[in-house]
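Visitor: Below is one structure. I have some questions about it.
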Amino acid sequence: MSATSLCSSNNNNKENICASFAPLPTSFHLVPTNSPRTPNPPSIMASDNSKKLRAELFEAGLQNRREVVGEAYVETALRNGSSEFAYAQQELITEWAWGNIWSRPGLERKQRSLLNIGMLIALKSWAEFGIHIRGAIRNGLTELEIREAILQATVYCGAPAGVQAMKVADEVLKDMIEKGEHQRQLAEVSPSYKKSE
Numbered sequence: 001m002s003a004t005s006l007c008s009s010n011n012n013n014k015e016n017i018c019a020s021f022a023p024l025p026t027s028f029h030l031v032p033t034n035s036p037r038t039p040n041p042p043s044i045m046a047s048d049n050s051k052k053l054r055a056e057l058f059e060a061g062l063q064n065r066r067e068v069v070g071e072a073y074v075e076t077a078l079r080n081g082s083s084e085f086a087y088a089q090q091e092l093i094t095e096w097a098w099g100n101i102w103s104r105p106g107l108e109r110k111q112r113s114l115l116n117i118g119m120l121i122a123l124k125s126w127a128e129f130g131i132h133i134r135g136a137i138r139n140g141l142t143e144l145e146i147r148e149a150i151l152q153a154t155v156y157c158g159a160p161a162g163v164q165a166m167k168v169a170d171e172v173l174k175d176m177i178e179k180g181e182h183q184r185q186l187a188e189v190s191p192s193y194k195k196s197e
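Those letters in the sequence shown? Residues 1 to 197, per the UniProt record's numbering, in order.
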């Protein structure tokens with residue numbers, strides 16, 4: 001296998017910028033086990049150990065997912081994603097996001113929630129953002145911490161994204177208060193705020 005070089009010249013500075021790319025050996029490429037290109041691939045996904053690992057990850061993922069975003073959301077997500085076409089995605093998300101990443105040592109759930117808040121604002125993924133605001137409260141973040149994360153993301157991700165994030169977070173918090181899942185922390189968040197009468 002030989003490396004491929006790509007070069008680009010910068011006309012302003014008369015410099016050439018080059019990068020070399022070496023292809024990975026075929027054995028490094030992941031090919032679905034049912035791919036027509038690999039009639040009899042060695043299948044690690046079909047092994048008993050792999051099935052056991054996936055089942056364990058799925059169960060751990062379900063538990064983490066329910067604890068963070070709530071039983072009702074998880075049941076709805078699984079039900080909505082239970083078609084033959086879509087269920088594989090629910091398995092993937094439950095196993096690898098919730099079973100693997102959310103089970104890893106090194107970060108507390110509060111810290112993972114803060115990361116998700118920032119990343120979902122950057123992605124402008126508002127449905128997921130709302131779900132993770134609920135999860136952030138359940139994981140012990142305060143309204144002040146959530147607001148500060150949104151304000152910081154506003155600077156780095158842009159005002160339109162930050163404004164939308166603040167609206168979504170406010171709606172989720174109000175919904176949680178209405179359902180008795182959260183108590184308003186507004187006095188802590190903004191002591192100078194006075195509700196107009």
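Glycine included, every Cβ here is placed at the ideal spot set by N, Cα and C.
(1) Please go through the same chain and pick out, in chain order, the residues whose beta-carbon is closer than 6 Å to the beta-carbon of Gly-140, but skip the five residues on each side of it.
(2) Report the CB separation of Gln-113 from His-132 in whole angstroms; it is logged as a contact under 8 Å.
(3) Just checking my contact of Gly-99 with Gly-70 at CB under 8 Å: how many whole Å lie between their CB atoms?
(4) Helix, strand or coil for His-132 per DSSP?
(5) To the nearest angstrom, how far is the alpha carbon of Val-155 from that of Gly-118?
(6) Where does Glu-75 sit, in a helix, a strand or coil, going by DSSP?
(7) Would DSSP call Glu-178 helix, strand or coil?
(8) If Met-166 sits next to Ile-150, beta carbons under 8 Å apart, how far is it from one beta carbon to the other, in whole angstroms?
(9) With DSSP as the reference, label Gly-99 as helix, strand or coil.
(10) Using a Cβ-Cβ cutoff of less than 6 Å, which residues in the same chain neighbour Trp-126 once the five nearest sequence positions on both sides are dropped?
(11) Rounded to the nearest angstrom, what separates Ile-121 and Ala-161 at their Cα positions?
(12) For Gly-180, does the count of other Cβ atoms within 10 angstroms reach 16, so buried, or fall short, so exposed?
(13) Going by beta carbon distance, what residues of the same chain come within less than 6 Å of Lys-124, once the five residues before and after it are set aside?
(14) With distances taken between CB atoms, is the gap from Val-172 to Arg-134 smaller than 8 Å?
(15) Please classify Arg-184 as buried or exposed, where buried requires at least 16 neighbouring CB atoms within 10 angstroms.
(16) Less than 8 Å between the CB atoms is what I'm expecting for Arg-54 and Glu-95, so what's the real figure, rounded?
(17) Note the first and the last residue of the continuous alpha helix (DSSP H) segment covering Leu-151.
Guide: According to the data block:
(1) As a first step, residue 140 must be located in the sequence shown, where it is residue number 140. Excluding sequence neighbours, Gly-140 sits near Lys-110.
(2) For the purposes of this step, residue 113 is identified with residue 113 of the sequence shown, where counting begins at 1. For the purposes of this step, residue 132 is identified with residue 132 of the sequence shown, where counting begins at 1. Sequence check: residue 113 is Ser here, not Gln. With a Cβ gap of about 6 Å, Ser-113 and His-132 count as contacting.
(3) Reading the sequence shown from its first residue, position 99 is the one you call residue 99. Reading the sequence shown from its first residue, position 70 is the one you call residue 70. Incorrect: roughly 17 Å between the Cβ atoms, too far for contact.
(4) Your numbering for residue 132 matches position 132 in the sequence shown. DSSP places His-132 in helix when its eight states are reduced to three.
(5) Your numbering for residue 155 matches position 155 in the sequence shown. Your numbering for residue 118 matches position 118 in the sequence shown. In this structure, the straight-line span from the alpha carbon of Val-155 to that of Gly-118 is close to 11 Å.
(6) The residue you call residue 75 lines up with position 75 of the sequence shown. Annotated three-state conformation of Glu-75 is helix, per DSSP.
(7) Residue 178 sits at position 178 when you count from the first residue of the sequence shown. The DSSP-derived three-state label of Glu-178 is helix.
(8) Residue mapping note: residue 166 aligns to position 166 of the sequence shown, counting from 1. Residue mapping note: residue 150 aligns to position 150 of the sequence shown, counting from 1. About 6 Å separates the beta carbons of Met-166 and Ile-150, which is inside the 8 Å limit, making them a contact pair.
(9) For this step, residue 99 is matched to residue 99 along the sequence shown. DSSP places Gly-99 in helix when its eight states are reduced to three.
(10) In the sequence shown, residue 126 corresponds to position 126, counting from 1. Closer than 6 Å at the Cβ level, and outside the excluded window around Trp-126, lie Val-168.
(11) Counting from 1 along the sequence shown, the entry for residue 121 is found at position 121. Counting from 1 along the sequence shown, the entry for residue 161 is found at position 161. In this structure, the alpha-carbon of Ile-121 lies about 6 Å from that of Ala-161.
(12) Within the sequence shown, numbered from 1, the residue matching residue 180 stands at position 180. Exposed: under 16 other Cβ atoms inside 10 Å.
(13) Along the sequence shown, one-based indexing puts residue 124 at 124. Excluding positions up to five away in sequence, the list reads Ala-161.
(14) Numbered from 1 along the sequence shown, position 172 holds the residue referred to as residue 172. Numbered from 1 along the sequence shown, position 134 holds the residue referred to as residue 134. Their beta carbons are under 8 Å apart, which means Val-172 touches Arg-134 by this criterion.
(15) For the purposes of this step, residue 184 is taken as residue 184 along the sequence shown, with counting starting at 1. The residue in question, Arg-184, is exposed, as its Cβ has fewer than 16 Cβ neighbours within 10 Å.
(16) Here residue 54 refers to the residue found at position 54 when the sequence shown is read from its first residue. Here residue 95 refers to the residue found at position 95 when the sequence shown is read from its first residue. So it is a contact: roughly 6 Å between Cβ atoms.
(17) Counting from one through the sequence shown, the residue named residue 151 turns up at place 151. 143 to 157 is the span of the alpha helix (DSSP H), which, as asked, contains Leu-151.
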